[in-house]
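Residue numbers (our numbering): 51 to 265.
We treat Cβ as the ideally placed atom computed from N, Cα and C, and that holds for glycine.
One structure is given below, encoded as C-alpha cells.
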C-alpha cells in the first residue's frame with residue numbers, strides 16, 4: 051500500500067542518516083577501515099620523541115652520519131634540507147631518529163624543534179596542526195588549513211628549525227608540496243628528517259641524503 055511504501059522509505063532514510071553519522075564519527079575519531087571489516091585506531095603506531103635508554107643500541111655509524119648532516123653549516127640555496135631514513139618495519143628507523151633528535155648537540159643547534167608521527171593517514175591539515183602543536187606545546191583551535199599554515203609560518207620565521215616526520219607512507223607529491231609551504235620561512239641550516247619504509251616517499255620529498263638501514 052501507499053502508506054506501507056512511505057513507511058519503508060522513511061525507515062531507509064533513517065538508516066542512511068544513521069550510517070552517515072557513524073561515518074562522520076569514524077573520521078572524527080581517526081578510525082580507519084580494515085580489509086577484514088571493522089576499524090582500528092590510527093594512533094596504534096603513534097610515536098613520540100621520548101627515548102628510553104633501553105632503546106639505544108648499535109647504529110653508531112648511521113648516527114654519526116645523521117649528526118653530521120644535521121649539524122652541517124654549509125651555504126644552502128634553500129632554507130631547509132630533507133634527509134630520509136629508509137628501511138623495513140621494525141629495523142630501527144624511529145629509534146635512530148629519536149637518538150639524533152635527543153642528542154644534546156642537536157638540541158642546542160636548533161631554535162625550534164618538532165616531532166610528528168605522520169603514519170599512513172596523510173592529511174595536510176592534521177599534519178600541519180600536529181607540527182604547530184609540537185612547537186607551541188599546546189593544541190591549536192584553528193581548523194582552516196590557511197590559518198594553520200600562516201600560524202606555522204610565523205613560528206618558523208627566521209628560526210633554524212628541526213622537524214622529524216616519522217612513519218611516512220604517502221606518495222602524494224602535490225600534498226607534500228603544500229605541506230612544505232611554511233617551511234621556507236625558516237633560516238638556512240634548518241633540517242627535516244623523514245622516516246619511511248618506502249624509498250619512493252624519500253624520492254618524492256626530494257630527500258638528500260637518504261640513509262638506507264639494513265638488517
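Distance between residue j and residue i (C-alpha atoms, nearest Å)
{"i": "residue 175", "j": "residue 184", "result": "14 angstroms"}
{"i": "residue 121", "j": "residue 65", "result": "58 angstroms"}
{"i": "residue 68", "j": "residue 152", "result": "47 angstroms"}
{"i": "residue 194", "j": "residue 111", "result": "42 angstroms"}
{"i": "residue 166", "j": "residue 202", "result": "14 angstroms"}
{"i": "residue 187", "j": "residue 204", "result": "15 angstroms"}
{"i": "residue 137", "j": "residue 146", "result": "11 angstroms"}
{"i": "residue 253", "j": "residue 192", "result": "31 angstroms"}
{"i": "residue 249", "j": "residue 258", "result": "12 angstroms"}
{"i": "residue 229", "j": "residue 119", "result": "22 angstroms"}
Residue of the options minimising C-alpha distance to residue i
{"i": "residue 274", "options": "123, 112, 214, 246", "result": "Given a span of 51 to 265 for the chain in the structure shown, any question on residue 274 remains unanswerable."}
{"i": "residue 237", "options": "206, 249, 228", "result": "206"}
{"i": "residue 209", "options": "130, 117, 258, 253", "result": "130"}
Outcome for residue i when other beta-carbon atoms lying within 10 angstroms are tallied against a minimum of 16
{"i": "residue 245", "result": "buried"}
{"i": "residue 58", "result": "exposed"}
{"i": "residue 261", "result": "buried"}
{"i": "residue 199", "result": "buried"}
{"i": "residue 60", "result": "exposed"}
{"i": "residue 128", "result": "exposed"}
Any non-hydrogen atom of the ligand MG closer than 6 angstroms to residue i Cβ
{"i": "residue 207", "result": "Inclusion of the ligand MG in the displayed structure is not the case, the ligand content being empty and no account of it being possible."}
What are the start and end residues of each continuous beta strand (DSSP E) run of 3 or more residues lying completely inside the segment 184-262, in chain order? 211-218, 240-246, 260-262
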